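Let me begin by presenting the structure, written as structure tokens, before commenting on it.
In structure tokens form, the structure reads like this:
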């Protein structure tokens, strides 16, 4: 990775420009999205802020501050226009460099990955116990079917009447939703945060596994199947 001997905003720009454009023959939509964000004052400022918040100061200092990272990400997706955030999250890729840039958009080392992967169905139950997280899942029919007591939930104060395309900053979750895409910022809000798995636009997954699922392994695999190769992301 890039060793930062410069201000964080400049270093961040350099790290993502390290795949030089010299000799590039293909269009890198994710690079274009990053450039567009850097031209917009608000997008550039808040993007720099969340990267600074999500990057651990040093290996010696220990892991990043995940709560601080999540707060900065939430601020970015809530305040920056979708024209910029959607391009950063959903830019199509056909090569490794582009796909890795897109995968790194949410600084997954801090906001997505953990030391161990929890069981997916256990994560679903945790989400179901949180009324805001559950409300987000209920906005997507696929996930609503997995909730034990359906979607008879009380909409959080201030969110009544809002769909996932207009919701504004529920607590403890990440960015505001945008469309029916399964990795839309609304789903990034939940404990079942997804991210890209490879350079496919439609192949995403949550940071969880179906290990130790016992007799429920088939159900768990079916649940994960809602993420993998999802057609909604290709539309």
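Residue numbers (UniProt numbering): 1 to 235.
C-beta: ideal position from N, C-alpha, C; glycine also.
Predicted model only: the values in this text are computed from it and were never measured.
Candidates the options, of which the one nearest residue i by Cα
i, options, result
"residue 90", "216, 212, 32, 215", "32"
"residue 50", "28, 110, 97", "110"
"residue 217", "46, 122, 205", "122"
"residue 199", "57, 104, 63", "104"
"residue 40", "115, 131, 138, 76", "76"
"residue 130", "192, 108, 115", "192"
Residue j beta carbon less than 8 angstroms from that of residue i
i, j, result
"residue 93", "residue 201", "yes"
"residue 53", "residue 72", "yes"
"residue 87", "residue 207", "no"
"residue 227", "residue 124", "no"
"residue 106", "residue 195", "yes"
"residue 28", "residue 97", "yes"
"residue 64", "residue 209", "no"
"residue 117", "residue 127", "no"
Other residues of its chain near residue i: CB distance less than 7 angstroms, five sequence neighbours each side excluded
i, result
"residue 43", "37, 80, 84"
"residue 213", "119, 121, 220"
"residue 46", "75, 76, 79, 80"
8 angstroms Cβ cutoff, residue i in contact with chain B
i, result
"residue 78", "You won't find chain B in this structure, because it holds only one protein chain."
Chain-order list of residues whose beta-carbon lies under 6 angstroms from that of residue i (same chain, five-residue window excluded)
i, result
"residue 68", "53"
"residue 157", "The predicted model places residue 157 with a pLDDT of 46, which falls under 50 and marks its position as unreliable, so this point remains unresolved."
"residue 55", "none"
Contact set for residue i: own chain, Cβ-Cβ below 8 angstroms, skip 5 residues either direction
i, result
"residue 205", "194, 195, 197, 224, 227, 228"
Give the list of continuous alpha helix (DSSP H) stretches no shorter than 4 residues that lie fully inside the region 88–117.
With a minimum length of 4 residues, the continuous alpha helix (DSSP H) runs that stay inside the region 88–117 are 96–103, 108–111.
Suppose only complete runs of 3+ residues qualify. What are the beta strand (DSSP E) ranges in the region 186–215, listed by chain order?
Segments of the beta strand (DSSP E) lying fully in the region 186–215: 194–196, 204–206.
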